[in-house]
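Have a look at the structure below before the remarks.
In the numbering used here, the protein residues as written are 1 to 536.
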C-alpha cells in the first residue's frame, strides 16, 4: 500500500491480517525486503501506525481498565439515590436538604468535568485520570465517616469533582488507542460499563443497606448505609492502581512533541498484540499538527516554573482551549453538541430520577398523571427508614434493561452510523414518554421505565462516540468536559422542572421531555459524519 508523505512514497510492510476500509490487506506478506528499508525511513501517520500495531490483547486490556473506571464513576454517581432514605432518618433531614445532597455530586461533576478535561489536553490523559480517580476515591471514603450534614454534602461535592474529571478523560484516552475500523464499536462497548456500574450499585444497595449492621453511639455512627458508601469506593480505588501500569496516549504524546515516548507506547501495544517486538518497524511518526504548535506545546510543558506561575499558566491555557471550541468550523459543532446533550440529559434524568415518584403516584391513584399531590411513604422507626425491598429490586431490573440497547448500539454503530443511532434513539425515547398516560399499575411503570432506559442508552453510547471523533487531539478532552458541563446543567434543569411541575400536573414536564428529545434527534443531522474517519 503506497503512501505519499512529504512527496516521498513508501510502503508499509506488516505481516498482520489487518484490513483497511476497503477490506483489502494493508500489505502483502511476500513484499520484498527493499520495501522494509524504505518504510523505516519515512514518517508514518498515526492512523497507519495504529493499524500496524494491530488489534488484539492490548485493546481488550485497555477496554477492561477504562471500562472499570467508567463503571466506578457510575457507582459513585448513582449510589446517592440508594442512601437518601437512610441519611434522611439518621440526620433528620428535610426535603430541601435531601435535594441539596442529591445535587452535590452533580455540581461537583459540572466543575470537575470541565477543569480536569481541559487539564488533560495540557498535561496528559493518564496523569489526570490518576488524580481525578484518586479524588473520587478519597472524598467518597471520607464522606462515609462524615457525621454532620454539611460536611457530608461537601465531601460528596468533592467526590463529584473527581467523578466529573474521570468521565470525559476516559473516553479521550480510550478512543485514541483505537483503529478507525473498530473505534465506534469499542467506544460503545466502553459506554456499556456504565450500565454494569449501575447494576453493581443497585446490587450492593440491595445486599447491604437494609441490613442492621454497624456501630452507633451518641458521637459517632457507622451504619449499613455508610458501609455501602465504603464498598462503592472500591472500583475507583482499584482503577487508580490499574492506571499506574498503563501507558500515556501515544496520540497525545505525538501531538505534544514527544515522538520517542509515543513510539514506545506503540511498541508496547505491538508487543501485547503480537507477542513480540521483532516486526515493529516504525521509526518515525507524522502528525497533522504544525511544527510551531508542537514546539510551543512541548516547550511549555517542559518549562520550569513556580507553583503560582504553573497554575496561572494552566488557567490561561484552559481558557484558550475553551475559546477555540467556539472558533471557525468548531463553533457550529460545539453549539450543536451542547444543544443535543442538553435535550438528552434533560429528558433522561428528568424521567429517570422521577420514575419512583410515578411508581408511588400509580399506587395511590391508579394513574401516573392523576391527582395533584404525591405523599411520601418513607417512614423512620428509631432513626432508621422502613425499607421496601421492591425499590432495590426495581432499580436492579431497570439497570439490567439497558443491556439490549447497549448491545444494539455496539453492533450497529459502525454500519448504521453514529448520527442515525443518536437521532432514532432520541426520537423514539421522546415518543415512548407519551405512553406514561396509559400505565395503571406498578408493573406497567416498571416496564415503561425499562423501555425508556433501554432506548435512550443507545443515544448515550452513540453520542459518546461522536464527541470523541469530532474534535482534534489537543482540544478533545476540553470539548468533552464542556459538553459534560451542559450535560449536568440539563440534568439539574430536568429535575427542577419535574420537581416544580409534577405535583401540579405531570403532563407538562412529560410533554417537555418528549418535545425536547425529538428536537434533539432532529438537530443531530446537522453534525458531520465521522463514521470510520481518522482522528485529527
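A virtual CB, placed ideally from N, CA and C, is assigned to each residue, including glycine.
Expected contact under 8 Å - CB spacing of residue i and residue j to nearest Å
i           : j           : result
residue 57  : residue 272 : 5 Å
residue 330 : residue 526 : The pair is not a contact, with the Cβ atoms about 14 Å apart (cut-off 8 Å).
residue 55  : residue 179 : 6 Å
residue 509 : residue 350 : 6 Å
residue 46  : residue 97  : About 51 Å; that fails the 8 Å criterion.
residue 477 : residue 210 : Between residue 210 and residue 477 the Cβ distance is about 40 Å, and since that is not below 8 Å, they are no contact.
residue 144 : residue 261 : Not quite, the Cβ-Cβ distance comes to about 39 Å (not below 8 Å), so this is no contact.
Residues near residue i in its chain [Cβ-Cβ closer than 8 Å; skip 5 each side]
i           : result
residue 65  : 239, 242, 243, 246
residue 455 : 405, 425, 428, 429, 432
residue 147 : 219, 220, 221
residue 249 : 124, 125, 126, 172, 173, 176, 177, 265
residue 185 : 410, 411, 413, 414
residue 105 : 76, 77, 80, 156, 157, 159, 160, 163
residue 23  : In this predicted model, residue 23 has a pLDDT of only 37, less than 50, meaning its place in the structure is not dependable; the value taken from the coordinates is given anyway. None.
6 Å Cβ shell around residue i - same chain, five flanking residues per side excluded
i           : result
residue 469 : 530
residue 177 : 62
residue 522 : none
residue 201 : 75, 78, 79
residue 500 : none
residue 170 : 66, 69, 70
residue 236 : 72, 133, 136, 137
residue 165 : 112, 116, 132
residue 318 : 118
residue 7   : Because residue 7 sits at a pLDDT of 38, beneath the cut-off of 50, its placement in the model cannot be relied upon, and the following sentence gives the value as read from the coordinates. Within the same chain, residue 7 has no close Cβ partners at all.
residue 139 : 155, 158, 159
residue 253 : 261, 262
residue 463 : 422
residue 101 : 153
Nonlocal neighbours in the same chain, by C-beta distance under 7 Å from residue i, ignoring five residues either side
i           : result
residue 198 : 74, 78, 399
residue 326 : 334
residue 516 : 343, 346, 347
residue 204 : 228, 231, 232
residue 486 : 338, 341, 342
residue 493 : 346
residue 274 : 54
residue 33  : Confidence is the limiting factor: at residue 33 the pLDDT is only 41, short of 50, which leaves the residue's position unreliable, though a coordinate-based value still follows. Closer than 7 Å at Cβ, skipping near neighbours: no residue.
residue 434 : 514
residue 483 : 337, 338, 341, 467
residue 448 : 435, 436, 439
residue 419 : 524, 525, 527, 529
residue 402 : 195, 453, 454, 457
residue 519 : 343
Those residues which DSSP pairs with residue i across a bridge
i           : result
residue 285 : 44
First through last residue of the alpha helix (DSSP H) which encompasses residue i
i           : result
residue 184 : 180 to 208
residue 347 : 328 to 352
residue 256 : Residue 256 -> no alpha helix (DSSP H), and no H or E assigned at all.
Handout entry: Runs of alpha helix (DSSP H) wholly within the segment 391 to 449 (minimum 4 residues, chain order)
Key = 403 to 412, 418 to 433
Problem - Complete runs of the alpha helix (DSSP H) confined to the segment 42 to 122 [at least 4 residues] - result: 46 to 53, 57 to 91
Practice task
Taking only runs that begin and end inside the segment 131 to 182, name each unbroken alpha helix (DSSP H) of 4 or more residues, in chain order.
Solution key: Taken in chain order, the complete alpha helix (DSSP H) segments of 4 or more residues contained in the segment 131 to 182 are 149 to 175.
Handout entry: Minimum length 4: unbroken alpha helix (DSSP H) runs contained in the segment 476 to 514
Key = none
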